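Participant: Numbering (our numbering), first residue to last: 1 to 235.
Quick reminder that beta carbons are idealized off the backbone N, C-alpha and C, glycines included.
It should be emphasised that the depicted structure is a prediction, and the values quoted were computed from it without experimental measurement.
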């Protein structure tokens with residue numbers, strides 16, 4: 001008991017010297033820095049590393065996750081993780097990035113674009129995609145599908161001023177993101193309904209082959225499909 005008491009005293013002195021006056025205070029601080037939110041079978045572990053970051057934006061990101069992630073899991077990949085991590089990082093200069101089951105959001109970007117909550121929709125689709133190594137999926141299609149999903153499932157794209165671009169002859173399907181997403185929307189409405197789900201599944205199954213899958217699914221190459229789209233790009 002004496003040894004334990006001595007260790008406790010040393011620990012308390014250490015905590016006080018770094019600004020925590022008790023065990024409870026430190027526990028409370030940890031809870032403030034990292035929230036664990038559970039809802040309908042899913043868990044979001046949310047950590048904000050910027051004390052000045054808007055709590056309102058935090059809540060909108062959390063709400064968007066619980067609105068869209070279960071829908072994407074149900075629609076595209078029922079084996080997606082049930083636990084996801086969000087981190088608001090003031091040291092990250094980009095918009096957002098995803099690795100496995102973790103998403104990091106740039107604090108500066110989100111603070112200056114508080115309405116762009118469907119960054120969540122795009123990023124959690126990357127978790128659902130889970131293509132992994134050796135999938136054969138090209139980057140343009142991976143990002144195009146994620147923006148297609150944002151277009152279809154987005155909570156407030158209009159409020160963020162986010163929309164698919166008009167077609168231009170200078171574009172190519174390899175431009176990725178919204179340009180590729182618009183092409184995918186056109187395909188879905190031009191006799192190839194369900195093609196996005198099939199392409200997405202091919203990425204997880206590691207059966208995507210540029211020279212084969214488009215012809216298998218549509219009877220045409222992707223270049224031939226883009227030519228058709230270029231000739232009549234209306235949605």
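Could you tell me which of 140, 41, 58 sits nearest to residue 49, measuring between CA atoms?
Facilitator: Position 49 of the chain shown, counting from 1, holds the residue named residue 49. Comparing Cα positions, the closest option is 58.
Participant: List the whole-angstrom C-beta distance separating residue 196 from residue 68, where the pair is believed to meet the contact cut-off of C-beta under 8 Å.
Facilitator: Indexing the chain shown from 1 puts residue 196 at position 196. Indexing the chain shown from 1 puts residue 68 at position 68. With 8 Å as the limit, residue 196 and residue 68 do not qualify as a contact, their Cβ atoms being about 16 Å apart.
Participant: As a quick exercise: from 220, 126, 45, pick the residue whose alpha carbon is nearest that of residue 204.
Facilitator: Here the question's residue 204 lines up with position 204 in the chain shown. Considering only alpha carbons, the answer is 126.
Participant: If I measure Cβ to Cβ from residue 230 and keep anything under 8 Å in the same chain, skipping five residues before and after, which residues do I get?
Facilitator: Reading the chain shown from its first residue, position 230 is the one you call residue 230. Excluding sequence neighbours, residue 230 sits near 167, 169.
Participant: Determine the closest residue to residue 238 out of 92, 137, 46, with distance taken between C-alpha atoms.
Facilitator: What the structure shows of the chain is the stretch from 1 to 235, and residue 238 is not part of that stretch, so it cannot be assessed.
Participant: Could you give the distance in angstroms between the alpha-carbon of residue 70 and the alpha-carbon of residue 80?
Facilitator: In the chain shown, counting from the first residue as 1, residue 70 sits at position 70. In the chain shown, counting from the first residue as 1, residue 80 sits at position 80. Cα-Cα distance, rounded: 9 Å.
Participant: For residue 236, which residues of its own chain have a beta-carbon under 8 Å away from its beta-carbon, when the five flanking residues on both sides are left out?
Facilitator: In the structure as shown, the chain begins at 1 and stops at 235. Residue 236 is therefore absent and cannot be evaluated.
Participant: Measuring CB to CB, does residue 181 end up less than 8 Å from residue 199?
Facilitator: On the chain shown, position 181 is the one that residue 181 refers to. On the chain shown, position 199 is the one that residue 199 refers to. No.
Participant: Taking residue 188 as the reference, which of 35, 217, 177 has the closest Cα?
Facilitator: For the purposes of this step, residue 188 is taken as the residue at position 188 of the chain shown. Closest option to residue 188, Cα to Cα, is 217.
Participant: Rounded to the nearest angstrom, how far is the Cβ of residue 144 from that of residue 177, given a contact under 8 Å?
Facilitator: As a position in the chain shown, residue 144 is number 144, starting the count at 1. As a position in the chain shown, residue 177 is number 177, starting the count at 1. Right, their Cβ atoms sit about 7 Å apart.
Participant: For residue 160, tell me which candidate among 225, 60, 36 has the shortest Cα-Cα distance.
Facilitator: Within the chain shown, numbered from 1, the residue matching residue 160 stands at position 160. Ranking the options by Cα distance to residue 160, first place goes to 60.
Participant: Could you give the distance in angstroms between the alpha-carbon of residue 118 and the alpha-carbon of residue 152?
Facilitator: Here residue 118 is taken as the residue at index 118 of the chain shown, counted from 1. Here residue 152 is taken as the residue at index 152 of the chain shown, counted from 1. So the alpha carbons of these two residues sit roughly 11 Å apart.
Participant: In angstroms, rounded to a whole number, what distance separates the CA positions of residue 293 and residue 183?
Facilitator: Any answer about residue 293 is impossible in this case: the structure gives the chain only from 1 up to 235.
Participant: Does the beta-carbon distance from residue 215 to residue 221 come in below 8 Å?
Facilitator: Along the chain shown, one-based indexing puts residue 215 at 215. Along the chain shown, one-based indexing puts residue 221 at 221. Cβ distance < 8 Å, so residue 215 and residue 221 count as in contact.
Participant: Closer than 6 Å by C-beta to residue 104: which residues in its own chain qualify, once you throw out the five before and the five after it? Chain order, please.
Facilitator: Here residue 104 corresponds to residue number 104 of the chain shown, with the count starting at 1. Closer than 6 Å at the Cβ level, and outside the excluded window around residue 104, lie 87, 89, 92, 97.
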